[in-house]
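This report refers to the structure that appears directly beneath it.
Numbering (this note's numbering), first residue to last: 2 to 70.
Dropping the structure here:
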């Protein structure tokens, strides 16, 4: 559950809070503040892309443990 909360927080931070705080779009923030963009872009990519393989891995692990019983 903590992982889902962290992914949601990262998405909120990158897509809602940061653009509202700086009163501009995310791409403008990354371009004008490269030190902020260095952290926002990878976090955003991980929050969007990582849940899918993590969920598949969890399902496969659960099926393997059930078949072992």
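Every residue gets a Cβ at the ideal spot worked out from N, C-alpha and C, and that includes glycine.
CA-to-CA, the gap between residue 51 and residue 5 works out to about 11 Å. Taken atom to atom, the span from the alpha-carbon of residue 58 to that of residue 21 is near 35 Å.
Cβ atoms of residue 15 and residue 27 come within 8 Å of each other, at about 6 Å. CA-CA distance, residue 56 to residue 63, rounds to 11 Å.
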